[in-house]
Every structure is written in C-alpha cells, then in structure tokens.
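Here the structure comes first, spelled out in structure tokens, and everything after it is commentary.
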Amino acid sequence: MSSLFRNANFARLFAGRVVTNAGDSLYYVASMWLVYDLTGSSFYTGLAGFLVLAPSAFQFLFGPLVDRVSLRRLLVGTQLTQAVVVLTVPLAFTLGYLNVWVVLAVMPILSLLNQPVYPAQSAALPRLVERDELVRANSLFALAYQGIDAGFNALGGVLVAVVGATALFVLDAATFVAAAALFAGLRVRAAGETSDSVGGPEDAPDTAEPVAATDGGADETAERPDGGEEPTGAGDDPTSYVADLREGIAFLRGTVMGKVMLGSVVVNGTFGAALAVLPAYGDMLGGEIAYGLLTAGVGGGLFVGALAASRFEDYAFGWLNVVSFLVGAVLWAAAVTVGWFPGTVALLALALVPVGVTNVLFSALVQSLVPEAMLGRASAVMGSMSSAATPVGALLGGAAADAFGVTVVLYVTAAGLLGLAVYLASIRQFRRLPRISDVETLAVE
C-alpha cells in the first residue's frame, strides 16, 4: 500500500480524511453524551440521533453537485463552514445559554454540511488511483474512518470525563480547519480524463486542474489561473440538475445493487436505534468512559474488518455478504447477553468485523463498475437509500428504550442483521456474484 502514498493527491485526500474523522469522532461522543447528560433520557438521545442522521437521507441531492463542481473547493468549503458552526456550542456555554436545544439545533446543521463530503471523496478516488488499486485505496479510507473512529471514540469518553464535553467542540473546530488546509492542496482530474494530467508525487501546487464537465462527460475542460476547476456550460441550470439526479436514480434501479439497498434500509434502521441507546447503555455499565469504550468497540470492529478486506476480495462476493451478516447477527446477540462488560465490548467489535469487510468490498465493486461521470450521483443515491431508515430507527429506538429497556432495542439490531442475511440469500443474482475482479456487470438480469 506504500505505493498509494507516493501519489501526492491520494496522500492529501487520505490525510484530510484522517484529521476530519478524528474531529467527527470527538464531536459525536461529546454531543451525544452532552444531550444525555442534560436530559437523562434515551428519548432525547434518540432525537439527537435522528437530527444527526436525517440529513444523510438527502445525500442523493448532492450527487449532481459532486459530479459538477470542483471537488477541492467543495471539500474545503464544507470543512471551514463546519468549523464556524461547531463553535456555537462552546460559545453558548461561555455566555451561560447552553441547553439541550442549542445542541440539538447545531447537530443537524453540521450533519447537513457534511453530506457532500463522502460522495466527493468516493468520486475522487477513481480519478486518483488505478482500478487495480481501488480495493487497497478503499481499505485505507475505511481504516482511516473506522480506525480513527475507534480510537477517538474511546479517547472522547475519557476526555468528556476529564475536561468536559464542551471543550471537545473547540478541538473539533481546529480539526475542521486542519482538514480544509489539507484538501486545499488537492488536484483532481475531470471525470473520464486520462490520469496523465493529474500525477502523483510530481504534482506542482500551482498546476492548473481540469474542470469536470457539466454534463458528466469528459470532453469539456477549462484552465483557471488559480489552479481550481470550475464547471463549464449550464452548471446552474435547475432542469439539468434534476435530470442528473434522475439519471443517478435510474441507473441504480437497473442494477442488482438497487435491490440490495432495500435490505440495507431495514438493518440500518436497527443500527440507528442501537447508536441512539448506547449513551444509556454506557451509563448502565459505568458512565462516560464505558460509553466511549462501547463506541470504540463498534468502530474497532469495523476497523479490523476494513483492514482485513483485501484478504477477502477473491471470495465470491454474494455469499461472502450473506455469511458476514449471519455471523454478525449471532455475535451481536451474544454481546448483549454475556453480562460482562469486557466481553460485551469484545463481542460487539467481533460482530462488526465482517460488516467492515463487506463495506470496503462493496465500495470497490461499485467504483470499479459504475462509470466515473455517474459515480458521484450513484454514490450519493446509494448513501441516501442505505441510511434513509437510520434516523427513524434512532428516534424510535430512543422512545422504545424508555418504554421497554435498552437491551430490547439492542436485540432488535441483531434481528436486523439476521434479516439482511436471509434477504440477500433470497436474491438469486446477488448470491451468485463471483469475486469482484470477475464481476462484469451489475445490471439486473
């Protein structure tokens, strides 16, 4: 994987991902715990989860934007804006106006600003690395997400106990600024253009960068004196924007992945419920540090899975997914049942290892077969579909925890994983998918 880091653009994108993920992890732990600390209610943490996750259901709206504008400027702009917004919480605390409604107001704004970021990064990767490097590149990005998530979730729980939740918001603002500085150095070629124009280590910071064509093609490019790319043509035409959006939806509808997304809606709803009740579960098991360790276990399992993903790319993709979710269901249920905190954390982590593997391989499969000019739209639509039920699950999970108890909600998550395994096994074309390198089309048969 060291060869990837000799590509200067990949290294910048990866470093920016690491920094911003560290800040996001600290912010998430601090904000969810702060809401629980201010209210003592799982319903409010469920509401907080709903407000954080709901904007992700509209991620598909940013797909045409990602395909049409400068990826560098999009990444830099979102990071700097989030840095300003996140400082609202410590400012309210300093002025004596901090309450749960301030935190709840800030959370969806930050989440909305973050929605273009992951489709933009997903669209950028195939333009920065070769096709045979995509699995390794996605593994590294998943490691950056899950590994940093695991470590900083645990650290966040400790820091909340030591310095308080509001102090972490200041640190988060600093990470957004640092990530913006890293993204500012990116040079990303236009969709469909050859890789010769955007190099690796030899890239000069002042090299003019080609512009993504407004129609999603690769023919229209323009050079700007500041080195940034800018769409040419009717980039602001609302009719064209809607047409692009419809193309992304229509493209997925004609693939087997469209069917897979329907199953992921249900299981992600149950995961939303689980994440919403983790603060209360952590409080039951020991407080802020226990909550940090639980979230670290979740992130750690996904991290290990992402790390191991490249070892599974030669397995039949369809059955690998079925078995992965089946194993995850059994281990998750065991984690809730064991009644011993270290065992609970360990089993939660193990339950998510196979999920981490399939996440990376799924991304690589899509990126290798979806046309570059369509990738931003397709990634955004898939992101929206897969996460559409998560905020609803968080809201219902919080209410259910207050009514029936936290452990009931966590068992429902295990049932969701089991249900997804059965559903995927029932899709004949999906379960027959061979290893990624042998898949020639995702079109519905």
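Under the working numbering, the first residue of the sequence shown is numbered 316, with each subsequent residue one higher.
Ideal Cβ positions, reconstructed from N, Cα and C, are used throughout, including at glycine.
All values reported here derive from a predicted model rather than from experimental measurement.
Asked, Found
"Segments of 4+ residues assigned as alpha helix (DSSP H) that fall wholly inside the region 400-478", "403-410, 415-429, 432-443 and 449-478"
"Meets three-Cβ-pair contact criterion under 8 Å: the region 395-414 and the region 489-498", "yes"
"Chain-order list of residues whose beta-carbon lies under 6 Å from that of L641 (same chain, five-residue window excluded)", "A736"
"Sufficient close CB pairs (3 or more, under 8 Å) joining the region 687-695 to the region 625-643", "no"
"Residue closest to V619, alpha-carbon to alpha-carbon, out of T585, G671 and N453", "G671"
"Cβ neighbour criterion (16 or more within 10 Å) applied to Y738", "buried"
"Pick from R692, R626 and L413 that is closest to Q430, judged by C-alpha positions", "R692"
"Separation of E562 from V381, as counted between CA atoms", "14 Å"
"Closest residue to L590 among L425, G364 and L349 (Cα-Cα distance)", "G364"
"Simplified DSSP assignment, three categories, for A703", "coil"
"Residue interval of the alpha helix (DSSP H) (run including L622)", "E603 to A623"
"When A452, R747, V404 and A709 are compared against L362, the one with the closest alpha-carbon", "A709"
"Straight-line Cα distance separating G654 from G616", "19 Å"
"Length of the line joining the Cα atoms of A644 and T728", "8 Å"
"Closest residue to L402 among V418, R387, R388 and G392 (Cα-Cα distance)", "V418"
"Under 8 Å between C-beta atoms of G587 and T705", "yes"
"Option nearest L635 by Cα separation, candidates E603, V696, A740 and L646", "A740"
"Three-state class that DSSP yields for I564 in the structure shown", "helix"
"Every unbroken alpha helix (DSSP H) inside the region 618-674 [4 residues or more]", "632-652"
"Inter-residue Cα distance where the pair is A435 and R446", "18 Å"
"S702 beta carbon less than 8 Å from that of A372", "yes"
"Beta-carbon spacing of P379, P423 below 8 Å", "no"
"Buried or exposed by the 16-neighbour rule on C-beta atoms within 10 Å, applied to R539", "With a pLDDT of 36 at R539, under the threshold of 50, the modelled position of that residue is not reliable, and the figure given next carries that caveat. When all chains shown are included, R539 counts as exposed."
"Pairwise C-alpha distance: S385 and S318", "26 Å"
"Nearest-angstrom Cα separation, counted from A650 out to G573", "32 Å"
"Same chain, Cβ closer than 6 Å to V367, neighbours up to 5 away in sequence not counted", "M422 and S426"
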